[in-house]
Each structure stands twice: as C-alpha cells, then as structure tokens.
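Each residue of the sequence shown is one higher than the last, beginning at 19 in this note's numbering.
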Amino acid sequence: MRGRRRRGRDRFVVGATITLLVAGGVTSGFVLAYRTAGVILTAQHTSIDTNKHAVPAPPANFDHFDFSSLWLAVNHQPSLPIHGQAAYLVDLDTRQVMWARDPETSRAPASLTKLITAMVAVDDAGSLDRTVVVAKEAVQVVPSVMGLSAGESLTVRQLLDGLFLDSGNDAAEALARGIVPRDRFIRQMNQKAKSIGLTASHFVNPSGLDAPGHGMSAHDLAHAAAYLDQYYPELANIAATRDVRIPATGQHKAFYPHNLNQLIYTYPGATGLKTGLTDNAGGCIVATATRNGRHLIAVVLNATLHSAADATVLLNYGFSTQPRLPLLS
C-alpha cells in the first residue's frame with residue numbers, strides 16, 4: 019500500500035487481535051510490510067555514466083514514504099546504550115521502525131541539512147555538469163569548508179563532492195547562490211521538504227549552521243534519506259565515496275575531498291550518508307548500511323562524541339533482528 023502523508027503517529031492495541039490505527043485514515047501495516055512490488059527501497063546505488071551525469075527525475079505524483087511502527091509496538095524495543103537525545107532505526111525493505119527515541123521533535127540538524135541542499139541543487143541544475151561560479155559570499159562562511167575561492171568555476175558534481183565529503187559550508191553556499199538566487203533556493207528547500215512529506219523540518223540556510231527556526235526531526239531525516247536513496251542515486255554514490263581527486267584547471271585549483279563519515283571506513287556494509295556537528299546540534303549522523311540484502315537507516319541527533327558509536331549500536335541491533343510481522347487470521 020502506498021504510504022500516505024501522515025497526520026499523526028500509529029497507535030496500536032495489542033491483544034487477541036492486532037489493529038493498526040492511523041489518525042486520519044486506516045493503513046494496514048501488514049500489507050505495507052509484505053507488499054513486494056513498488057515499495058521496497060534499496061541502498062544499492064545505481065551507477066550513472068559519469069561523463070553525462072544525468073539527473074534522475076522524481077515522479078510528479080510522489081508516493082510519500084512513511085514508516086510503520088507496528089513491529090515495534092508488537093515486539094517492544096530493547097534498552098540500548100544510545101547517548102543521542104533523538105534516535106531512529108528503520109528497516110528500508112519493510113519500512114518498519116525498529117528503534118526510536120523522540121523521533122518527532124525538531125532539532126538543530128547541523129550538516130544533515132545538506133541532504134536537502136543537495137537534492138534542491140540537483141533539481142535546479144538539471145545536469146551535474148552545469149558550471150557554477152563561486153560567489154564571494156560563499157567563501158565567507160565558517161568551517162568546515164571545501165576550500166573554495168571566490169570566482170572559481172566548478173561543476174555541480176564537483177561542488178557536491180565537497181558538500182558530502184568535506185561537509186563544505188562553502189560548497190553549500192556556492193550551490194545555493196550559483197544556480198538561482200539564494201532566497202529562492204532557501205524557499206525551494208522548504209518546498210522540497212513539504213513536497214516529500216517532511217512535517218517537522220524548516221530551513222533558513224543551506225549549510226546547517228545553527229540559526230533560529232532551522233531544524234529537522236529524526237523521523238524526517240530518515241524519510242529524506244530514503245527519498246534521496248530512491249530518487250537521487252548519484253548523490254548516494256557520492257556519499258559512499260571515500261576520496262575524490264579534482265584536478266586543477268584554468269578555472270579552479272585542485273581539490274581533494276575526503277569523506278568525514280568514519281563509518282564508511284570502519285563499519286562493514288556502510289553506504290553513507292552524512293555527518294554533522296555544531297554547538298546546538300552536537301554530533302549527529304544519518305548512517306545507511308547494507309548487509310545480506312538488507313538495508314537500514316540509523317539517525318542519531320545531539321550525541322556529541324558519540325554519534326558514530328550510537329549509529330553502530332543501532333545498525334548492529336538492526337542487522338541482528340529480522341522485523342517479521344505476525345499474520346492476521
């Protein structure tokens with residue numbers, strides 16, 4: 019069954035019969051879990067011809083991703099040593115939530131914001147080969163940075179390398195200023211969030227630097243990650259890359275983006291996706307991983323010094339447990 023825009027969270031009564039109630043309508047979690055056509059997301063990223071850098075086009079009638087809490091309500095979640103103030107673990111193949119802590123509160127997301135920034139930049143550019151001239155305002159942001167200089171010309175793809183791997187705030191600003199006017203870009207970020215079903219997200223800048231009114235929830239971040247993986251495979255490929263060499267040209271100096279996501283190097287099966295750190299956000303991460311045909315997303319917010327460790331705990335638990343649902347008689 020296609021996911022619907024949620025108007026509340028699932029509420030359950032567990033007894034001789036199991037009934038899933040969703041505010042504003044009734045959705046069968048069992049049908050959702052066992053449907054085999056058209057709803058399974060994967061973290062296996064389709065390769066795109068790097069010479070063409072074609073941009074995938076999301077469907078106009080987007081099927082809003084939503085995750086079911088049915089399995090979690092039936093089985094209950096174990097106590098895990100999670101430091102983050104918010105955490106969320108989802109099995110992408112069944113869309114079942116496997117572990118959750120305060121998933122709906124909007125919090126400072128730091129550079130996890132860049133998931134939305136990247137998707138909007140791709141939408142606006144139309145081609146990853148499009149050239150962007152770096153505005154002087156883009157290089158005045160605080161680290162982390164890719165190392166851009168005002169007046170350099172790079173492709174959207176190269177700026178996305180710096181955005182994901184270096185977590186470059188300058189790359190985020192260059193993309194936000196170099197394709198459409200910045201204020202329009204920020205509006206598009208908020209429109210994008212709304213259009214894909216995010217309900218606790220609002221953006222005031224493209225980098226994720228702390229600012230009043232700028233926030234995302236753990237649930238929204240998992241939702242955005244699932245959407246990116248499904249409809250922007252080239253972005254998922256970039257996020258899974260360890261290092262990139264961008265040779266110098268007459269338009270720019272050389273760059274060597276290096277992935278700051280330590281799980282890419284240390285966690286078997288890790289495929290991405292993005293890390294973040296600010297004073298208000300603390301340490302945070304959206305971690306994706308694939309093992310034995312299973313695909314998980316773990317989100318951790320406000321876990322300074324522990325975000326990668328928390329994500330590891332969540333992913334290990336997820337891969338050790340198969341979210342199978344009982345059949346209704």
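Ideal Cβ placement from N, Cα and C applies to all residues, glycine included.
Computed from a prediction, not measured in an experiment: that's the story for all the values here.
Self-check item: Validate contact between the region 328–336 and the region 98–106 using beta carbons, cut 8 angstroms, 3 pairs
Solution: yes
Self-check item: Selected residue, minimal CA-CA separation from LYS271, among PRO199, PHE337, GLU191, SER171
Solution: SER171
Quiz item: So VAL150 and ALA192 are in contact, right, with Cβ under 8 angstroms, and what is the actual spacing, rounded?
Solution: 6 angstroms
Quiz prompt | Whether TRP117 touches LEU107 by CB criterion (8 angstroms) | solution = yes
Quiz item: Using DSSP with H/G/I as helix, E/B as strand and the rest coil, what is VAL92?
Solution: helix
Quiz item: Can you tell me the Cα-Cα spacing of ASP228 and ILE134, whole angstroms?
Solution: 16 angstroms
Quiz item: Taking the alpha-carbon positions, what's the LEU130 to ASN223 distance?
Solution: 12 angstroms
Practice problem: Using only alpha-carbon positions, find the residue among ARG260, TYR274, PHE182 that is nearest to ALA266. | Solution: TYR274
Exercise. Could you tell me the distance, in whole angstroms, from the CA atom of ALA104 to the CA atom of ILE214?
Key: 21 angstroms
Self-check item: Helix, strand or coil at THR8 according to DSSP, with G and I counted as helix
Solution: The requested residue 8 is not part of the displayed model; the chain covers only 19 to 347.
Quiz prompt | Residue-level contact to chain D via CB, ILE214, 8 angstroms cutoff | solution = The displayed structure is made up of one protein chain only, and chain D is not part of it.
Quiz item: From PHE182, VAL198, THR339, SER235, pick the residue whose C-alpha is nearest to that of LEU278; which is it?
Solution: PHE182
Quiz item: With 16 as the cutoff for other CB atoms within 10 Å, does ALA143 come out buried or exposed?
Solution: buried
Quiz item: For the alpha helix (DSSP H) that contains SER225, what are its first and last residues?
Solution: Premise fails: SER225 is in no alpha helix (DSSP H) and is neither H nor E.
Quiz item: So ALA243 and ILE315 are in contact, right, with Cβ under 8 angstroms, and what is the actual spacing, rounded?
Solution: 5 angstroms
Quiz item: What is the rounded straight-line gap between the Cα of ALA288 and the Cα of ALA153?
Solution: 34 angstroms
Quiz item: Cβ-heavy atom distance between ASN334 and the ligand PLP below 7 angstroms?
Solution: Absence of the ligand PLP from the depicted structure is noted, as is the absence of any ligand whatsoever, leaving it without description.
Self-check item: Completely contained alpha helix (DSSP H) runs for the region 257–293, where each covers 4 or more residues
Solution: 281–284
Quiz item: Who pairs with THR306 in a beta bridge, going by DSSP?
Solution: GLY290, ILE315
Quiz item: If we ignore side chains and look at the alpha-carbon of each, how far apart do VAL160 and SER225 end up?
Solution: 10 angstroms
Quiz item: Per DSSP, what kind of secondary structure is SER167 in: helix, strand or coil?
Solution: coil
Quiz item: Does DSSP put ASP109 in a helix, in a strand, or in coil?
Solution: strand
Quiz item: Between the C-alpha atoms of ALA139 and TYR245, what's the straight-line distance to the nearest angstrom?
Solution: 15 angstroms
Exercise. Give the secondary structure of LEU295 by DSSP, where H, G and I count as helix, E and B as strand, and everything else as coil.
Key: strand
Quiz prompt | Beta-carbon proximity check, HIS276 vs ASP184, cutoff 8 angstroms | solution = yes
Quiz item: Across which residues does DSSP place GLN354 in a beta bridge pair?
Solution: As shown, the chain starts at 19 and ends at 347. That puts residue 354 outside it, with no answer to give.
Quiz item: So what does ALA149 bridge to, in DSSP terms?
Solution: This sequence places Thr at residue 149; Ala is not what is there. In the DSSP output, where bridge partners are listed per residue, THR149 has THR173.
Quiz item: Within this structure, are the beta carbons of GLY301 and THR322 separated by less than 8 angstroms?
Solution: yes
Exercise. Leaving out five residues on either side along the sequence, give the residues of the same chain with a beta carbon under 7 angstroms from the beta carbon of LEU177.
Key: VAL150, ALA189, ALA192, LEU193
Exercise. Would you mind stating whether ASN320 and ARG125 have Cβ atoms separated by less than 8 angstroms?
Key: yes
Quiz item: Helix, strand or coil for ARG195 per DSSP?
Solution: helix
Quiz prompt | Contacting residues, own chain, Cβ-Cβ under 7 angstroms from SER338 (five flanking each side not counted) | solution = none
Self-check item: Close Cβ partners of GLY33 (< 8 angstroms) along its chain, the five nearest in sequence each way excluded
Solution: Low confidence applies to GLY33: its pLDDT is 39, below 50, so where it sits in the model is not reliable enough to give any reading.
Quiz item: Apart from the five residues just before and just after ILE197, which ones in its own chain have a Cβ nearer than 8 angstroms to its Cβ?
Solution: ALA139, ASP142, ALA143, ARG148, VAL150, VAL174, PHE203
Quiz item: From which residue to which residue does the alpha helix (DSSP H) around THR330 run?
Solution: 325–338
Exercise. Work out the CA separation of GLY268 and HIS324 for me, nearest whole Å.
Key: 42 angstroms
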